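Notes follow the structure.
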Amino acid sequence: MRELLPLSMLGGLLGLDVVCFPQMMISRPLVGATVAGAFVGDTTTGLLVGATLELIALATLPFGASRYPEWGSAAVVGGAIAAALHAEPAGTVTVGVLATLATAWVGGWTLVKLRVWNAWLARRKRGALEHGSRGAVVGLQLAGLTSDLVRAMLLTAVAYGLIFPVARATVALWSFDEHISRAVTVGAASAVAAAAAWTIFHSARGARWYFAGGLLLGLLILAMR
Amino acid sequence: MTWVSIFIRTLAIQGSWNYETLLGNGVGFALEPALRQLPGGVRSDAFKAAMARESAYFNAHPYLTSVAIGALAKAELSGVPPERIERFRTALCGPLGSVGDRLVWAGLLPFSSLVALIAFGIGARPLAVVAIFLVMYNAGHLGLRIWGLRVGWTRGLAVAGALANPMLRNGPAYIARAAAAVAGIAIPLTVARVVGPSRLLLDGALILGAVIAFGLVRVHGRVEGWKLVLVLIALFALVSVAR
């Protein structure tokens, strides 16, 4: 568990990126899980987890005030767990994806609580804000940023600390072949991506034909290999 | 130096996002370096009145809020009457929100992500996959923020015309079509690399994906795909451990 502190710092930074700062999408699972894998010593396993999750994340775009999973800290947890368990490959990608999805769900809930907390802080400073206090505006912004960083660090540390022993025991008892496990996991993930693509892009005229054309091309590339 | 400071602050514009004032405090925070230049500086009544005005409720897409920041800085420093600034601020929320959502969340983000997945699918190394995504996405992201600040500052309260820019008006539809085509290519290639060399397993994964996707489209809005997948994968793990 020596990796817990650096991972929680990484999870903090990536969790902060989801909403607060700087929203450069370093919090996407493709990035987060890969970097976490590199931290633990197996970038390739981290990338496999990240790519599978990226398919799922296409369905959860951060529109307005909607509730969505918090992928930043969660991808660090899942990528690191899968990479740390890579010595027993059967089940590691599946367990990494599962750990990320569970953490992302809880993370989404913590984001809602953070927004409630920010509103409470803003209410306390309402008088000062109405009088144009520079200190109140800057203070609220810094308090919000700090709270989010602490939230994401704690989430990463607690989730990794709780899930890692369960994941290790699960992988030790895993009975399906490595490739079957990956096929089931990425097959299910691809369904979310395809359904999301259909939903997101269908409003653009002709987009479904572009999707069908792209799909044919993708299958053709696979057939020619 | 003021613009660098404002730009960096716009990156943290959602730092205190909450369900009551939404982006409001962030707008005040980002504008504060510009408002310091009001006559009398930070202790003046003009500064305090402007800070109070600019920290009130505001809602828009976070990246395109830079358009509002530039225009509001110009308006405040030019001495535009407060009532006019408040009306302008309210009027900007809707357009900046809807254009940003379509252009960035439903366009640039999935497009960049899918292009990176194609790179992954054709065997690119981890660093290349991550770099392709981050460079492509942030070229658009940072470019949009810088453009927003510039156009807002240049046009001031007449900035609404800039939102009729062909890129903003037609861009989302073009990006959506491109992203749809890229999605079609990326999905099977990604599945193939994760599954590995077995043709049979690849076919099985693609069929499984197609069946579940068909079901998800049919029940659109009633079931969230990622939650369904969480349950399915958890069941699969349970079977693998228990059998």
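Going down the list, the sequences are from chains A and B.
Just so you know, we're using the numbering used here here: the first sequence kicks off at 7 and counts up by one.
Just so you know, we're using the numbering used here here: the second sequence kicks off at 78 and counts up by one.
A virtual CB, placed ideally from N, CA and C, is assigned to each residue, including glycine.
Quantities reported herein were computed from a predicted structural model and do not represent experimental measurements.
Contacts that residue 96 (chain B) makes with chain A (C-beta to C-beta distance below 8 Å): Walking along the second sequence from the start, residue 96 (chain B) turns up at place 19. In chain order: 71, 121, 122, 125.
Integer-rounded CB distance, given that residue 158 (chain A) should sit under 8 Å from residue 93 (chain B): By one-based count along the second sequence, residue 93 (chain B) stands at place 16. By one-based count along the first sequence, residue 158 (chain A) stands at place 152. That pair is no contact at about 16 Å.
For residue 175 (chain A), the nearest candidate out of B:232, B:319, B:100 (CA to CA): For this step, residue 175 (chain A) is matched to residue 169 along the first sequence. Nearest of B:232, B:319, B:100 to residue 175 (chain A), Cα basis: B:319.
Within 8 Å, strictly: CB atoms of residue 26 (chain B) and residue 37 (chain A): Summary: the structure shown does not reach residue 26 (chain B), with chain B confined to residues 78 through 320, and so no result is reported for it.
Validate contact between the stretch 256-269 of chain B and the stretch 222-229 of chain A using beta carbons, cut 8 Å, 3 pairs: yes
Terminal residues of the alpha helix (DSSP H) in which residue 153 (chain B) lies: The sequence position of residue 153 (chain B) within the second sequence is 76, counting from 1. Looking at the DSSP string, the run of the alpha helix (DSSP H) that includes residue 153 (chain B) is 142-154.
Residue-chain proximity (residue 100 (chain A), chain B), Cβ-Cβ < 8 Å: Mapped onto the first sequence, residue 100 (chain A) falls at position 94. Closer than 8 Å: yes.
Rounded straight-line distance, which links the Cα of residue 84 (chain B) to that of residue 174 (chain B): Working through the second sequence from its first residue, we reach residue 174 (chain B) at position 97. Working through the second sequence from its first residue, we reach residue 84 (chain B) at position 7. Near 19 Å, if we compare the C-alpha coordinates of residue 84 (chain B) and residue 174 (chain B).
Proximity test, Cβ basis, 8 Å: residue 32 (chain A) and chain B: Locating residue 32 (chain A) in the first sequence gives position 26, counting from the first residue. Yes, because at least one Cβ of chain B sits closer than 8 Å to the Cβ of residue 32 (chain A).
Min CB distance residue 63 (chain B) to chain A below 8 Å: Here chain B has residues from 78 to 320 only, and residue 63 (chain B) is not among them.
Residue 60 (chain A) beta carbon less than 8 Å from that of residue 34 (chain A): As a position in the first sequence, residue 34 (chain A) is number 28, starting the count at 1. As a position in the first sequence, residue 60 (chain A) is number 54, starting the count at 1. A contact, by the Cβ cut-off of 8 Å.
Partners in chain A for residue 109 (chain B), counting only beta-carbon separations shorter than 9 Å: In the second sequence, the residue the question calls residue 109 (chain B) occupies position 32. Within 9 Å Cβ-Cβ: 140, 143, 144.
Three CB pairs or more closer than 8 Å across the stretch 181-199 of chain A and the stretch 51-65 of chain A: yes
Under the three-state DSSP convention, the category residue 165 (chain B) falls into: Numbered from its first residue, the second sequence carries residue 165 (chain B) at position 88. Residue 165 (chain B) falls in the helix class under three-state DSSP.
Assigned secondary structure, residue 53 (chain A) (DSSP; H/G/I helix, E/B strand, else coil): Taking the first sequence and counting its residues from 1, one reaches residue 53 (chain A) at position 47. Reduced to three states, the DSSP call for residue 53 (chain A) is helix.
For residue 186 (chain A), the nearest candidate out of B:276, B:261, B:252 (CA to CA): Counting from one through the first sequence, the residue named residue 186 (chain A) turns up at place 180. Ranking the options by Cα distance to residue 186 (chain A), first place goes to B:276.
Coil, strand or helix - residue 197 (chain B) by DSSP: Counted from its first residue, the second sequence places residue 197 (chain B) at position 120. Helix.
Where residue 102 (chain B) sits in the DSSP three-state scheme: As a working note, residue 102 (chain B) is residue 25 in the second sequence. Of the three classes helix, strand and coil, the one that applies to residue 102 (chain B) here is helix, per DSSP.
Residues that DSSP places opposite residue 135 (chain B) in a beta bridge: For the purposes of this step, residue 135 (chain B) is taken as the residue at position 58 of the second sequence. Answer is B:99, bridged to residue 135 (chain B).
Below-8 Å beta-carbon distance, residue 185 (chain A) vs any chain B residue: As a working mapping, residue 185 (chain A) is identified with position 179 in the first sequence. Closer than 8 Å: yes.
Residues within the stretch 243-262 of chain B neighbouring chain A, beta-carbon criterion of under 9 Å: 249, 250, 251, 252, 253, 254, 255, 256, 257, 258, 259, 260, 261, 262
Assigned exposure category for residue 321 (chain B) - 16 Cβ within 10 Å defines buried: Here chain B has residues from 78 to 320 only, and residue 321 (chain B) is not among them.
Status (buried if at least 16 other CB within 10 Å, exposed otherwise) for residue 165 (chain B): Stepping through the second sequence from its first residue, residue 165 (chain B) is reached at position 88. So residue 165 (chain B) counts as buried.
Neighbour list for residue 137 (chain A) in chain B, Cβ cutoff strictly below 7 Å: Here the question's residue 137 (chain A) lines up with position 131 in the first sequence. Under the 7 Å cutoff, chain B gives 125, 129.
Pairwise C-alpha distance: residue 257 (chain B) and residue 220 (chain A): Numbered from 1 along the first sequence, position 214 holds the residue referred to as residue 220 (chain A). Numbered from 1 along the second sequence, position 180 holds the residue referred to as residue 257 (chain B). Cα to Cα, the separation comes out at about 7 Å.
C-beta contact flag for residue 24 (chain B) and residue 143 (chain A) at 8 Å: Because residue 24 (chain B) is not part of the residues shown, which for chain B are 78 to 320, the question remains open.
Distance, residue 86 (chain B) Cα to residue 129 (chain B) Cα: Position 52 of the second sequence, counted from the first residue, corresponds to residue 129 (chain B). Position 9 of the second sequence, counted from the first residue, corresponds to residue 86 (chain B). Computed Cα separation, rounded: 18 Å.
Any C-beta of chain A under 8 Å from that of residue 203 (chain B): Locating residue 203 (chain B) in the second sequence gives position 126, counting from the first residue. It does: the Cβ of residue 203 (chain B) has a partner Cβ on chain A nearer than 8 Å.
8 Å Cβ cutoff, residue 155 (chain B) in contact with chain A: In the second sequence, the residue the question calls residue 155 (chain B) occupies position 78. With 8 Å as the cut-off, residue 155 (chain B) does not count as an interface residue toward chain A.
Span of the alpha helix (DSSP H) around residue 102 (chain A): By 1-based counting over the first sequence, the position of residue 102 (chain A) is 96. 98-130 is the span of the alpha helix (DSSP H), which, as asked, contains residue 102 (chain A).
Buried versus exposed, by CB contacts within 10 Å (16 or more), residue 212 (chain A): What you label residue 212 (chain A) is simply residue 206 of the first sequence in a count that begins at 1. Classification for residue 212 (chain A): exposed.
Straight-line Cα distance separating residue 155 (chain B) from residue 202 (chain A): Along the first sequence, one-based indexing puts residue 202 (chain A) at 196. Along the second sequence, one-based indexing puts residue 155 (chain B) at 78. Roughly 46 Å separates the two Cα atoms.
Contacts of residue 210 (chain B) in chain A (Cβ-Cβ under 9 Å): As a first step, residue 210 (chain B) must be located in the second sequence, where it is residue number 133. Simply 31, 34, 36, 37, 60.
CA-to-CA distance, residue 246 (chain B) to residue 45 (chain A), given in whole angstroms: Residue mapping note: residue 45 (chain A) aligns to position 39 of the first sequence, counting from 1. Residue mapping note: residue 246 (chain B) aligns to position 169 of the second sequence, counting from 1. Taking the straight line from one Cα to the other gives about 42 Å.
Touching by the beta-carbon criterion (3+ pairs, under 8 Å), the stretch 92-101 of chain A and the stretch 309-317 of chain B: yes
Three-state secondary structure (DSSP) of residue 183 (chain A): Residue 183 (chain A) sits at position 177 when you count from the first residue of the first sequence. Three-state DSSP puts residue 183 (chain A) in coil, outside helix and strand.
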